[in-house]
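Student: Here the sequence shown is numbered in my numbering, starting from 1 and rising by one per residue.
A virtual CB, placed ideally from N, CA and C, is assigned to each residue, including glycine.
Below you'll find the structure I mean.
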Amino acid sequence: MKYTQLGRTGLKVSRLVLGTMNFGPQTDEPDSHAIMDSALDAGINFFDTANVYGWGENKGRTEEIIGNWFAKSAAHRDKVVLATKVYGNMAADGEAWPNHDKLSALNIRRAVDASLKRLQTDHIDLYQFHHVDRATGFEEIWQAIDTLVQQGKILYVGSSNFPGYKIAQANETAARRGGTIGLVSEQCLYNLAERRAEMEVIPAAQEYGLGVIPWSPLHGGLLGGVIKKEAKGGRRASGRAADTLADPAKRAQIQSYEDLLEKHGLEPGEAALAWLLTRPGVTGPIVGPRTAEQLESAIRAVELELGEDVLAGLDEIFPGPGPSPEAFAW
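Structure below.
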């Protein structure tokens with residue numbers, strides 16, 4: 001496994017991030033524990049989750065599964081850089097009471113303590129804002145975060161799904177307060193098929209020293225060889241991938257992508273991950289395996305070197321938006 005610094009921090013993290021969103025809803029606890037065992041054995045030390053994972057009446061379940069895995073061995077928690085998130089409604093009855101969601105100081109305090117209990121740990125290494133809270137100012141947010149850092153409950157703070165201007169606003173507010181490190185990472189939707197983050201989000205992250213953590217690196221399976229799998233009678237596309245393939249022009253684009261990689265003897269899913277690892281500012285993509293086999297495929301991507309002809313071909317099939325402001329100004 002290869003490692004890098006998380007943004008401008010001294011924290012060393014693996015270039016693959018183990019996403020746990022499937023733990024509970026799609027992968028049962030024993031299999032989830034086996035995947036975490038395999039990830040750690042492969043050198044993946046960066047695990048990502050969120051308080052709402054498990055979803056619906058089971059929200060919080062994913063953190064519980066991870067907590068039970070930590071309880072099996074002190075070495076598990078010692079080796080893992082643990083990231084979770086706050087924002088979503090965690091009210092038990094599913095109806096958000098005032099202050100049971102978003103980023104008020106009250107909810108941040110409540111949510112941290114609840115996550116620590118479910119995760120069976122005394123601290124969270126990277127605490128991430130899952131979404132922008134337009135009703136809460138960053139002065140209040142950073143005041144709450146500073147208290148939690150002083151209490152030793154969290155170490156670093158990151159954002160998720162933030163636009164570039166909010167990254168700037170958050171860190172400028174932190175700088176004015178003094179003594180607050182500010183955001184150190186941004187978790188955003190970024191992959192070959194969805195490159196809009198290159199216009200504003202990634203440049204802002206680089207300017208302020210945030211590590212970029214792409215989620216959905218295969219765009220809901222679209223970049224994982226979906227057409228080839230369908231032709232072989234495998235699992236059919238669903239969700240975002242199915243919606244994209246319903247467009248004839250988009251389907252032709254994905255076919256060109258798969259043809260290019262087949263020509264070079266490359267697996268689509270592995271190539272898509274390897275491409276992200278070449279992108280400026282990217283710490284590592286989040287992989288969310290449902291099975292051990294999917295994890296093994298993701299790990300192979302770390303060692304995969306894409307030739308210049310492959311990279312040029314990918315850019316031709318999936319052209320990026322171009323730099324800001326040129327991409328939209330003229």
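How is the beta strand (DSSP E) around residue 336 delimited, first residue to last?
Tutor: Given a span of 1 to 330 for the chain in the structure shown, any question on residue 336 remains unanswerable.
Student: When you compare only the Cα positions, how much space is there between residue 82 and residue 76?
Tutor: Taking the first residue of the sequence shown as 1, we reach residue 82 at position 82. Taking the first residue of the sequence shown as 1, we reach residue 76 at position 76. If I take the Cα positions, the gap works out to 10 Å.
Student: Determine, using beta carbons only, whether residue 70 and residue 126 come nearer to each other than 9 Å.
Tutor: For this step, residue 70 is matched to residue 70 along the sequence shown. For this step, residue 126 is matched to residue 126 along the sequence shown. Contact flag unset, no.
Student: Kindly give me the distance between the Cβ atoms of residue 22 and residue 288, rounded to whole angstroms, as I take these residues to be in contact under 8 Å.
Tutor: Here residue 22 refers to the residue found at position 22 when the sequence shown is read from its first residue. Here residue 288 refers to the residue found at position 288 when the sequence shown is read from its first residue. 5 Å between Cβ atoms; contact.
Student: Indicate whether residue 7 and residue 210 have their beta-carbon atoms separated by less than 9 Å.
Tutor: Taking the first residue of the sequence shown as position 1, residue 7 is located at position 7. Taking the first residue of the sequence shown as position 1, residue 210 is located at position 210. Against a cut-off of 9 Å, the Cβ pair of residue 210 and residue 7 comes out as a contact.
Student: Suppose you measure from the CA of residue 90 to the CA of residue 133; what does that come to, to the nearest Å?
Tutor: Translated into the one-based positions of the sequence shown, residue 90 becomes position 90. Translated into the one-based positions of the sequence shown, residue 133 becomes position 133. Roughly 16 Å separates the two Cα atoms.
Student: Less than 8 Å between the CB atoms is what I'm expecting for residue 274 and residue 38, so what's the real figure, rounded?
Tutor: Within the sequence shown, the letter at position 274 stands for residue 274. Within the sequence shown, the letter at position 38 stands for residue 38. Not a contact, Cβ separation roughly 20 Å.
Student: At a cut-off of 8 Å, would you count residue 139 as near the ligand SAM, judging by its Cβ distance to the nearest heavy atom?
Tutor: With respect to the ligand SAM, the structure offers nothing, as it holds no ligand at all.
Student: Would you mind sorting residue 330 into buried or exposed? The rule is 16 or more other CB atoms within 10 Å of its CB.
Tutor: Taking the sequence shown and counting its residues from 1, one reaches residue 330 at position 330. Exposed: under 16 other Cβ atoms inside 10 Å.
Student: Could you tell me the alpha carbon to alpha carbon distance between residue 181 and residue 156, rounded to whole angstroms?
Tutor: For this step, residue 181 is matched to residue 181 along the sequence shown. For this step, residue 156 is matched to residue 156 along the sequence shown. If you take the alpha carbons of residue 181 and residue 156, they lie about 8 Å apart.
Student: Output the distance between the C-alpha atoms of residue 301 and residue 326, rounded to the nearest integer angstrom.
Tutor: Position 301 of the sequence shown, counted from the first residue, corresponds to residue 301. Position 326 of the sequence shown, counted from the first residue, corresponds to residue 326. So the two alpha carbons sit approximately 32 Å from each other.
Student: So, is residue 171 buried or exposed, given that buried needs 16 or more other C-beta atoms within 10 angstroms?
Tutor: To locate residue 171, count along the sequence shown from 1; it is residue 171. Buried.
Student: Where does residue 333 fall in DSSP's three states?
Tutor: Nothing about residue 333 can be reported from this structure: the residues present for the chain run from 1 to 330 only.
Student: Could you check what DSSP says for residue 286 in three-state terms: helix, strand or coil?
Tutor: For the purposes of this step, residue 286 is taken as residue 286 along the sequence shown, with counting starting at 1. Three-state DSSP puts residue 286 in a strand.
Student: In whole angstroms, what separates the C-alpha of residue 267 from that of residue 99?
Tutor: Reading the sequence shown from its first residue, position 267 is the one you call residue 267. Reading the sequence shown from its first residue, position 99 is the one you call residue 99. Spanning the two alpha carbons is a distance of roughly 46 Å.
Student: Write down every uninterrupted run of the alpha helix (DSSP H) in the stretch 235-279 whose length is 4 residues or greater and which is fully enclosed by it, in chain order.
Tutor: Fully enclosed alpha helix (DSSP H) runs of 4 or longer: 239-245, 248-263, 268-277.
Student: What separation, rounded to the nearest whole angstrom, lies between the Cα atoms of residue 174 and residue 113?
Tutor: As a working note, residue 174 is residue 174 in the sequence shown. As a working note, residue 113 is residue 113 in the sequence shown. Cα to Cα, the separation comes out at about 23 Å.
Student: Drop a sphere of 10 angstroms on the beta-carbon of residue 49, count the other beta-carbons inside from all chains shown, and report buried for 16 or more, exposed for fewer.
Tutor: Taking the sequence shown and counting its residues from 1, the one referred to as residue 49 is at position 49. Classification for residue 49: buried.
Student: With DSSP as the reference, label residue 128 as helix, strand or coil.
Tutor: Within the sequence shown, residue 128 is the residue found at index 128, counting from 1. In the structure shown, residue 128 sits in a strand (DSSP, three-state: E or B).
Student: Quick check on residue 28: does DSSP put it in helix, strand or coil?
Tutor: Here residue 28 refers to the residue found at position 28 when the sequence shown is read from its first residue. DSSP places residue 28 in coil when its eight states are reduced to three.
Student: Where does residue 308 sit, in a helix, a strand or coil, going by DSSP?
Tutor: For the purposes of this step, residue 308 is taken as residue 308 along the sequence shown, with counting starting at 1. Helix.
Student: Are residue 280 and residue 169 closer than 9 Å when you measure CB to CB?
Tutor: In the sequence shown, counting from the first residue as 1, residue 280 sits at position 280. In the sequence shown, counting from the first residue as 1, residue 169 sits at position 169. Not a contact, by the Cβ cut-off of 9 Å.
Student: Below 8 Å CB to CB, which residues in the same chain sit around residue 47 once its five sequence neighbours on both sides are set aside?
Tutor: In the sequence shown, residue 47 corresponds to position 47, counting from 1. Within the same chain, residue 47 has close Cβ partners 17, 18, 20, 36, 39, 66, 80, 81, 82, 83.
Student: Run the CB neighbour count on residue 96, radius 10 Å, all protein chains shown included, and call it buried at 16 or more, exposed below.
Tutor: The count along the sequence shown starts at 1 and reaches residue 96 at position 96. So residue 96 counts as exposed.
Student: In angstroms, rounded to a whole number, what distance separates the CA positions of residue 222 and residue 199?
Tutor: Translated into positions along the sequence shown, residue 222 becomes position 222. Translated into positions along the sequence shown, residue 199 becomes position 199. Straight-line Cα distance between these residues: approximately 22 Å.
Student: Indicate whether residue 191 and residue 285 have their beta-carbon atoms separated by less than 9 Å.
Tutor: Residue numbering aside, residue 191 sits at position 191 when the sequence shown is read from its first letter. Residue numbering aside, residue 285 sits at position 285 when the sequence shown is read from its first letter. Result yes, Cβ atoms of residue 191 and residue 285 sit closer than 9 Å.
Student: Can you give the beta carbon distance from residue 102 to residue 74, rounded, assuming they're within the 8 Å contact cut?
Tutor: Taking the sequence shown and counting its residues from 1, the one referred to as residue 102 is at position 102. Taking the sequence shown and counting its residues from 1, the one referred to as residue 74 is at position 74. The Cβ separation is near 34 Å, so there is no contact.
Student: Give the DSSP-derived three-state secondary structure of residue 18 in the structure shown.
Tutor: Against the sequence shown, residue 18 aligns to sequence position 18. Reduced to three states, the DSSP call for residue 18 is strand.
Student: Flag this pair as yes or no: are the beta carbons of residue 270 and residue 228 separated by less than 9 Å?
Tutor: Residue 270 sits at position 270 when you count from the first residue of the sequence shown. Residue 228 sits at position 228 when you count from the first residue of the sequence shown. Not in contact: residue 270 and residue 228 (Cβ atoms no closer than 9 Å).
Student: So for residue 156, helix, strand or coil by DSSP?
Tutor: Along the sequence shown, read from residue 1 onward, the residue named residue 156 stands at position 156. Strand.
Student: Sort out for me which residues DSSP pairs residue 12 with in a bridge.
Tutor: Taking the first residue of the sequence shown as 1, we reach residue 12 at position 12. Answer by DSSP bridge pairing, in chain order: 5.
Student: Would you kindly work out how many angstroms separate the C-alpha atoms of residue 138 and residue 62, rounded to a whole number?
Tutor: Residue mapping note: residue 138 aligns to position 138 of the sequence shown, counting from 1. Residue mapping note: residue 62 aligns to position 62 of the sequence shown, counting from 1. Distance between the alpha carbons of residue 138 and residue 62 is about 28 Å.
Student: Counting C-beta neighbours from all protein chains within 10 Å, is the total for residue 3 16 or more, i.e. buried, or is it exposed?
Tutor: On the sequence shown, residue 3 is found 3 positions in, with the first residue counted as 1. It counts as exposed.
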